[in-house]
Structures are given as C-alpha cells and as structure tokens.
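Residue numbers (my numbering): 38 to 274. The next block holds one structure in the form of structure tokens; read it before the comments.
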C-alpha cells in the first residue's frame, strides 16, 4: 500500500502546490486567530485606578474622556505633570480650559501640550522627549482600552528605560454592549488589531536594525531591544 507522503510526493506538481498553499493558508488563519485572541485578552472591560503613582502622566488624544480622566489622575496626585499628546495645532490651552473648567489651576501649573504628534508613533517620540527632558523614570499612560496595546508597543520601544503604567479608558459603548454586537465597534477593534500587529512587526524589525519606516521627527538614536510589550505593561502594574 502506498503511504500518504509517498502519494503526495508522486502527485502532479500542481496538486502539490495546491496542498502546500492550503496548508499555508490554514496556518496563517490559525496564527491570526491566536494573535487576535491574545490582543483581546489585553483589552480591559472596566476602569481601575493605577496601583502606584508615577513621575508623570501622558494622555494620547483621540478618544472621548481620555483627557478628563488624565486630569483626574493628575488632581489625585498620581503624577507630577501631565502631557497631553496630539493636541490639534490650532487648539490652545484656552480651548482645553473651557472643556475642563474645574481644573484651571492644574492646567496653568502642571500641564504641557504636544501639538506635533499626528499618530501613535509620533506620540511616543514626543513623549520620550518630554520625559527625558524632565528626568522622569515612570509614566502613567492614558488612552482608550482598544488603543492601549499598540500604545504600549510604541511607547515601550521608544522608551525602554521608562516604566509604563497603563490606565485604560473604557468608553460608554464598550460598557453598554459586547463589542462584537455593534458593527462600528467591531470594525474599530479589527482595525486596531491590524495596526497593532503592524506596530509589533515594525518595532521587532527595528530591534534588529531594520527600521524601514523611520520617521523624520524621530531624531533620537534607535532604542535598545525591549521585552515583549504586554509583559512590560503587566509588570508595571
């Protein structure tokens, strides 16, 4: 009787290529599914206060209530200063002041605005400059729960010498219904997962000297190799 491997080896080349293609596709689907499950495991469904204080706080703009939550942490003494990264170039302190009238004194004394960042990677570059200028060794990172995994990837790659403490902001839609039951939220999560994977691939290539997407505003030397972002984020809590 002819064994299955022998039968496959004796099959026409087109059939062998077909089997190999199907095998690769199945492996890719399994890997993507496992990766997505790992990504979802990092998304917190409830907000919880940081377990410790830090030298500073950084909030990445783009989601509802991120800035107000960061201001509450600053008011609660969780950090000495707050960086709001990704502020629109045309927005001023007065615009933020009007949206946060109860925190006027903190805005005047302890808040810095970054208007240069346009994406998560440049958020990380500007945060690194800000933290290094002030000698900060630890930061509380405030952003939406779905954005936190990618933010930690970019920030930990840019600042391997700084301890990052995640504070994930959970939106109302996320609280009210499962993310998969709302088409807009589902698209958001899937899109963020793709961006997260792209960020992981890019920083791992950069760690071995293949930074093929170096940004012009990222003028500091490449960061040293880092441990996996999820492990670093967990150890900071």
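For every residue, glycine included, the Cβ atom is placed at its ideal position computed from N, Cα and C. Owing to the predicted nature of the structure, the values given are computational and were not obtained by experimental measurement.
For residue i, three-class secondary structure by DSSP
i: residue 209; result: helix
i: residue 118; result: strand
i: residue 234; result: helix
i: residue 67; result: helix
i: residue 155; result: coil
i: residue 248; result: coil
i: residue 124; result: coil
i: residue 150; result: strand
i: residue 196; result: coil
i: residue 89; result: coil
i: residue 82; result: coil
i: residue 111; result: helix
i: residue 75; result: helix
i: residue 145; result: helix
i: residue 102; result: coil
i: residue 62; result: helix
i: residue 225; result: helix
i: residue 219; result: coil
i: residue 191; result: helix
i: residue 163; result: helix
i: residue 242; result: helix
Nearest-angstrom beta carbon gap, residue j and residue i [assumed within contact, 8 Å]
i: residue 105; j: residue 137; result: 6 Å
i: residue 179; j: residue 112; result: Wrong, their Cβ atoms sit about 13 Å apart, outside the cutoff.
i: residue 205; j: residue 185; result: 5 Å
i: residue 126; j: residue 152; result: 5 Å
i: residue 202; j: residue 86; result: At roughly 11 Å, the Cβ-Cβ gap does not stay under 8 Å, so residue 202 and residue 86 are not in contact.
i: residue 181; j: residue 208; result: 6 Å
According to DSSP, residues forming a beta bridge with residue i
i: residue 173; result: DSSP output for residue 173 lists no bridge partner at all.
i: residue 201; result: 176
i: residue 181; result: 206
i: residue 94; result: 119 and 177
Residue i and residue j closer than 8 Å at C-beta
i: residue 176; j: residue 240; result: no
i: residue 191; j: residue 160; result: yes
i: residue 157; j: residue 187; result: yes
i: residue 97; j: residue 122; result: yes
i: residue 183; j: residue 119; result: no
i: residue 154; j: residue 115; result: no
i: residue 166; j: residue 196; result: no
i: residue 13; j: residue 93; result: Nothing about residue 13 can be reported from this structure: the residues present for the chain run from 38 to 274 only.
i: residue 200; j: residue 174; result: yes
i: residue 72; j: residue 238; result: no
Any non-hydrogen atom of the ligand GDP within 7 Å of residue i CB
i: residue 221; result: As presented, the structure is devoid of all ligands, the ligand GDP included, so that no description of it is given.
Counted within 10 angstroms of its Cβ, other Cβ atoms place residue i as buried (16 or more) or exposed
i: residue 83; result: exposed
i: residue 212; result: exposed
i: residue 58; result: exposed
i: residue 61; result: exposed
i: residue 247; result: exposed
i: residue 236; result: buried
i: residue 80; result: buried
i: residue 148; result: buried
i: residue 78; result: exposed
i: residue 193; result: buried
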